[in-house]
Amino acid sequence: MFTAKNINKLQSFFKEKNQKIMIVPHVGPDGDAMGSALGFYHFLKILGHQPFILSPDEYPYYLDWMPEIEKVYIANQLDTNTLQKFFLGTQLIACLDFNAISRAEGISQQILESGIPILMIDHHETPEPFAEMIFHDNNASSTCEMVYRFIETFELLDFIDLDCAKCLYTGIVTDTGCFKYALSERVHEIAGKLLQKNIEPMKIHNLLFNNTSEERLRFLGHMLKDRLVVYKDLKFAYFKQTLSDEQKYQLKEGDSEGIVNYALSIRGIDLACYLTEKEDLTKFSFRSLGEVPAIYFAKHFGGGGHHNAAGAKTLNLSIDDAENQLVELVKNNQHLIHLT
Ligand SMILES: [Mn+2]
10 MFTAKNINKL QSFFKEKNQK IMIVPHVGPD GDAMGSALGF YHFLKILGHQ PFILSPDEYP
70 YYLDWMPEIE KVYIANQLDT NTLQKFFLGT QLIACLDFNA ISRAEGISQQ ILESGIPILM
130 IDHHETPEPF AEMIFHDNNA SSTCEMVYRF IETFELLDFI DLDCAKCLYT GIVTDTGCFK
190 YALSERVHEI AGKLLQKNIE PMKIHNLLFN NTSEERLRFL GHMLKDRLVV YKDLKFAYFK
250 QTLSDEQKYQ LKEGDSEGIV NYALSIRGID LACYLTEKED LTKFSFRSLG EVPAIYFAKH
310 FGGGGHHNAA GAKTLNLSID DAENQLVELV KNNQHLIHLT
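Take 10 as the starting number for the sequence shown in our numbering and just add one per residue.
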């Protein structure tokens, strides 16, 4: 999966000190994107380099406690001149938790045109070949697991400090739904190794999941009561979040995260979707149980992801049209949902 040539090249690269390394998570970064970016950042710092994180956009509120997250630069809040400076003198760009360059959104072109070597560390299906070094496994639970395995490949596990371990653990917890989808022995073993670095798992769980605001909880109540549509006979349920909801509840990045799972938790529902209305597009977030392919439905709308968790963003599609097309699509593909 990772060629000996790449290993040799990076080995000598890492041996030099003070390399300027840019780390980029995907747009709309989640726990795994920020966890892997910050985990890699702490590791590189301990190794004697000068890493920095450039995120395409803002990270969600529930991650604001992560070690040194305040040092993350937010690309869509910077002007072009300032952005250009980040690329000057950078010797490596590490793209974490995404494998389609469009997921770097506003800085995609700059990354491609910079001519700087790109390293991809990721676990999503079918990576695009934009990086010359690809460390990828779509059977991995998370990119945080991949970062751990990457560090292990170079026999540098001793350079994982407490902060790095906290970040990597965070991504494993969030991407596996608190270990529900942690299906391999390996990921549990890695979580155990991170515990040996003295992280406090319960504290991290509390920071992630018992740290919400009253407003966010009231918003959840509104979505459950007024915005949930259930098609029992289709084994399908979805939420529809409108621009007026966004304004009324003053929604911030991450406020709607995970709500889709409530639809999936209904008995007899095997496919769920969360529709979000934006100014000029509609976002789809799909979740499914077992063999039901959430990814099939995301791909129909031009997106991608994993078998059971996938998403899409469709430009110039109104939320009402998106809703109609979605229900039609599910009706026409009942063979993918009624599997037994
Ligand atoms: Mn991930």
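By construction, the Cβ of each residue, glycine as well, lies at the ideal position given by its N, Cα and C atoms.
DSSP places Tyr157 in the helix class (H, G or I) of the three-state scheme. Note that the C-beta distance between Asp66 and Ser151 is not below 9 Å.
Counting only the Cα atoms, Arg227 lies some 25 Å from Tyr240. Looking at the DSSP output, Ala318 bridges to Arg296. Leaving aside the five residues that flank Asn15 on each side, the residues in its chain whose CB is nearer than 6 Å to its CB run, in chain order, Met142. Following the DSSP letters along the chain, one finds Lys249 inside the beta strand (DSSP E) bounded by residues 245 to 250. Ala281: member of the beta strand (DSSP E) spanning 280 to 286, first to last residue. When distances are taken from the beta-carbon of His145 to the heavy atoms of ligand 1, even the shortest one reaches 8 Å or more. Following the DSSP letters along the chain, one finds Asp329 in no beta strand (DSSP E) but inside the alpha helix (DSSP H) bounded by residues 328 to 341. Linking Phe159 to Phe295 through their CA atoms gives a straight-line distance of about 29 Å. For Ser64, the enclosing beta strand (DSSP E) stretches over residues 59 to 64.
For Tyr240, the secondary structure class from DSSP, reduced to helix, strand or coil, is strand.
The residues Lys29, Ile30, Met31, Ser123, Ile125, in chain order, have a CB closer than 8 Å to that of Thr99 in the same chain once the five nearest residues on each side in sequence are set aside.
Short of 7 Å from the beta carbon of Leu171, and not among the five residues preceding or following it, lie these beta carbons of its own chain, in chain order: Lys206, Asn207, Ile208.
Contact between Gly312 and Ala321 holds, with the beta-carbon distance rounding to 3 Å and staying under 8 Å. Beyond the five residues adjoining it in sequence on each side, Asp106 comes within less than 7 Å, by CB distance, of Pro34, His35, Asp41, Ala42, Ser45, Asp131, Thr152 in the same chain, given in chain order. A heavy atom of ligand 1 is found nearer than 8 Å to the CB of Asp106.
Counting only runs of 3+ residues, the beta strand (DSSP E) found wholly inside the stretch 89 to 165 occupies 101 to 105, 127 to 131, 142 to 145, in chain order. Under the 8 Å Cβ criterion, the stretch 66 to 80 counts as touching the stretch 256 to 266, having at least three qualifying pairs.
When C-beta atoms of the stretch 264 to 279 are compared with those of the stretch 229 to 248, three or more pairs fall below 8 Å, so the two segments count as touching.
Contact annotation: the stretch 111 to 120 does not touch the stretch 207 to 221, with fewer than three C-beta pairs closer than 8 Å.
Looking from the CA of Ile83, the closest CA among Ser253, Leu345, Ile62 belongs to Ile62. Under the three-state reduction of DSSP output, Gly40 falls in the helix class.
Distances from the alpha-carbon of Ala307 to those of Leu203, Met75, Val339, Lys94 put Val339 closest.
If you draw a 10 Å sphere on the C-beta of Pro138, you find fewer than 16 other C-beta atoms in it, and that means exposed. Under the three-state reduction of DSSP, Gly313 is assigned to strand. Close CB contacts of Thr251 within its chain, under the 6 Å cut and outside five residues either way in sequence, are with Glu286 (chain order). Under the DSSP definition of a beta bridge, Met31 partners with Phe61, Ile102.
At least one heavy atom of ligand 1 sits closer than 8 Å to the Cβ of Thr152.
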